[in-house]
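See below for the structure under consideration.
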Amino acid sequence: MTRQTLEVLAVASEIFPLVKTGGLADVVGALPAALGRQGVAVTTLVPGYPPVLAALDRSGAALVLPDLFGGPATVLSGAVAGLDLLVLSASHLYERPGNPYLGPDGRDWPDNAIRFAALAAVGASIGRGAIRSYRPAILHAHDWQAGLTAAYLAYGGPRPPASVMTVHNLAFQGQFPASLLPRLGLPDDAFRFDGIEHHGMIGYLKAGLQLSSHVTTVSPTYADEIRTVEGGMGLDGLLRYRSDAVSGILNGIDTRVWNPASDPLIAAPYKASSLNGKPANKAALQERLGLSVMPDAPLFGVISRLSWQKGLDLLPAALPRLIAGGAQMVLLGAGEPELETAFTTLADAHPGTVACTIGYDETLAHQIQAGSDFLIVPSRFEPCGLTQLCALRYGTIPVVSKVGGLADTVADGRTGIVFDAVNEAGLAAALDRAIALHHTPRAFKALVRCGMAQDVSWDAPAKAYANLYRALAGRAQH
Ligand code: ADP
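Take 14 as the starting number for the sequence shown in the working numbering and just add one per residue.
The following block contains the structure:
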């Protein structure tokens with residue numbers, strides 16, 4: 014029996030490979046192919062940033078909007094890199110250089126509230142049938158930028174399609190002044206505690222959490238954590254109230270892009286059954302980054318946003334122990350200026366032993382995953398985390414804190430090293446364990462092989478999303 018294809022409209026502000034500032038883009042870019050194999054057809058509505066428009070050839074106008082929040086807009090339909098896209102082309106909102114959220118001064122664009130209300134409003138109107146011949150069964154909104162989608166659906170008339178709100182990181186909530194309400198095109202009575210109001214402001218993520226048919230986050234443990242006072246960032250009460258409609262679905266990674274057996278970005282291919290290529294990647298990494306080429310030195314990698322969330326401020330204090338243990342460290346990241354300075358200073362002080370690259374570099378990220386022995390992820394909270402999944406796939410042992418998706422994906426002593434107390438002592442003890450493990454090659458290799466055998470693909474998560482969509486679509490029909 015063939016299943017009927019289910020149409021889903023995803024609404025998101027980033028999509029790999031076109032626009033990426035973090036894991037959100039990876040997820041939004043990878044899910045459609047995996048869901049396609051589950052009989053779910055995903056079309057993604059994204060803002061028409063310059064790189065998106067540039068990539069879109071042979072596109073057609075699916076919808077013309079003469080006035081979208083102060084300017085004309087068109088929804089272009091097209092395909093890029095195997096992704097079915099609807100691109101919201103609105104030059105007054107999105108055609109700006111650089112980062113999708115920040116102006117040249119490094120601050121949020123002052124009109125972000127309008128830019129992402131527009132995205133959500135258009136998503137909702139398409140969900141309600143604005144494009145003839147396209148009627149998605151489900152709207153799937155990602156993060157606060159798409160949070161108002163459920164509000165425009167809820168206040169836009171009877172019988173809206175079912176909606177899913179996925180929280181990739183509860184720390185980013187999209188809160189804006191209540192005075193904005195008249196400009197949003199939502200009714201005044203939307204501004205209430207069980208609507209879009211959040212502590213006297215308009216909460217975009219809060220609206221999505223409140224008004225969507227279902228809320229997912231990106232790991233089961235994070236789904237539990239966000240319903241606690243400690244992890245709920247002010248939204249735990251609402252999430253507890255909606256507990257029956259909250260669940261966690263782990264992220265996967267694109268195992269074709271992240272495949273050490275065929276990765277064109279790394280020095281030598283390898284696989285679990287034949288790890289012979291891994292040392293060549295270590296040597297190439299050491300050479301590229303100016304480290305002493307020492308095959309036996311435990312090599313620790315870090316690939317991360319440099320922020321408080323990621324716990325990397327704990328690392329400088331642990332570094333002397335690593336160095337005393339004969340280890341080396343390579344860090345790739347960008348973020349908080351104090352952390353960038355701290356790691357650059359450490360690299361300058363320890364030439365040949367510590368290397369620090371500030372910036373965003375996809376190729377180097379692959380080379381660090383392939384060349385390192387360990388990957389350090391000491392996050393204070395971590396909705397899912399993708400780098401540890403890549404590390405597992407590349408036979409690089411993750412050293413992670415026991416939070417969120419890290420706790421769900423790394424098994425202490427079996428596939429990695431997991432530590433409880435996210436503080437300097439906790440991290441130092443975990444790094445000591447890593448160095449000791451490196452001195453026992455049989456045990457070390459056992460962890461490597463076990464990690465590489467773990468299924469980190471999108472197959473299981475896509476099944477879980479497909480089941481959720483079908484359940485919601487079925488419910489909406491009754
Ligand atoms: P985040 O909280 O930043 O989304 P994740 O681990 O979920 O963290 O996803 C981060 C993604 O971005 C991963 O694919 C990781 O490899 C990548 N990444 C992070 N920082 C860098 C960087 N400086 N250069 C290249 N890739 C990076």
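Glycine included, C-beta positions come from ideal geometry on N, C-alpha and C.
Because the structure is a prediction, the values reported are computed rather than measured.
Cβ-heavy atom distance between residue i and the ligand ADP below 7 Å?
{"i": "residue 400", "result": "yes"}
{"i": "residue 317", "result": "yes"}
{"i": "residue 182", "result": "yes"}
{"i": "residue 12", "result": "Examination of residue 12 is not possible in this model, given that the chain is present from 14 through 491 alone."}
{"i": "residue 238", "result": "no"}
{"i": "residue 218", "result": "no"}
{"i": "residue 31", "result": "no"}
{"i": "residue 375", "result": "yes"}
{"i": "residue 397", "result": "yes"}
{"i": "residue 25", "result": "no"}
{"i": "residue 403", "result": "yes"}
If you compare alpha carbons, which of the options is closest to residue i?
{"i": "residue 38", "options": "23, 419, 327", "result": "23"}
{"i": "residue 104", "options": "82, 117, 483", "result": "82"}
{"i": "residue 433", "options": "182, 56, 414", "result": "414"}
{"i": "residue 87", "options": "213, 144, 49", "result": "144"}
{"i": "residue 411", "options": "46, 314, 108", "result": "314"}
{"i": "residue 182", "options": "399, 211, 302", "result": "399"}
{"i": "residue 342", "options": "373, 163, 382", "result": "382"}
{"i": "residue 333", "options": "359, 351, 80, 318", "result": "359"}
{"i": "residue 124", "options": "448, 158, 384, 252", "result": "158"}
{"i": "residue 203", "options": "324, 427, 169", "result": "169"}
{"i": "residue 277", "options": "172, 375, 430, 240", "result": "375"}
{"i": "residue 134", "options": "114, 164, 110", "result": "164"}
{"i": "residue 406", "options": "356, 167, 426, 384", "result": "384"}
{"i": "residue 99", "options": "84, 138, 127, 117", "result": "138"}
{"i": "residue 102", "options": "76, 21, 171, 350", "result": "76"}
{"i": "residue 372", "options": "357, 386, 361, 363", "result": "357"}
Would you identify the three-state DSSP class for residue i, choosing helix, strand or coil?
{"i": "residue 14", "result": "A caution first: residue 14 carries a pLDDT of 44, below 50, which makes its placement in the model unreliable, though a value can still be read off. Three-state DSSP puts residue 14 in coil, outside helix and strand."}
{"i": "residue 366", "result": "coil"}
{"i": "residue 502", "result": "A question about residue 502 goes unanswered here, because the residues of the chain that appear run from 14 up to 491."}
{"i": "residue 154", "result": "strand"}
{"i": "residue 488", "result": "helix"}
{"i": "residue 427", "result": "coil"}
{"i": "residue 313", "result": "strand"}
{"i": "residue 64", "result": "helix"}
{"i": "residue 401", "result": "helix"}
{"i": "residue 287", "result": "strand"}
{"i": "residue 351", "result": "helix"}
{"i": "residue 31", "result": "coil"}
Do residue i and residue j have their CB atoms nearer than 8 Å?
{"i": "residue 366", "j": "residue 450", "result": "no"}
{"i": "residue 62", "j": "residue 32", "result": "yes"}
{"i": "residue 19", "j": "residue 483", "result": "yes"}
{"i": "residue 258", "j": "residue 306", "result": "no"}
{"i": "residue 178", "j": "residue 225", "result": "yes"}
{"i": "residue 345", "j": "residue 316", "result": "yes"}
{"i": "residue 216", "j": "residue 250", "result": "no"}
Contact check, residue i vs residue j under 8 Å by CB: the rounded distance?
{"i": "residue 388", "j": "residue 404", "result": "4 Å"}
{"i": "residue 488", "j": "residue 435", "result": "With 8 Å as the limit, residue 488 and residue 435 do not qualify as a contact, their Cβ atoms being about 39 Å apart."}
{"i": "residue 294", "j": "residue 418", "result": "Rounded, the Cβ-Cβ distance is 26 Å, inconsistent with contact."}
{"i": "residue 29", "j": "residue 42", "result": "3 Å"}
{"i": "residue 136", "j": "residue 197", "result": "No, residue 136 and residue 197 are not in contact; Cβ-Cβ is about 14 Å, not under 8 Å."}
{"i": "residue 230", "j": "residue 396", "result": "6 Å"}
{"i": "residue 189", "j": "residue 156", "result": "Incorrect: roughly 15 Å between the Cβ atoms, too far for contact."}
Answer with yes or no whether the minimum CB distance from residue i to chain D is below 8 Å.
{"i": "residue 147", "result": "This model lacks chain D altogether, as it is built from one protein chain only."}
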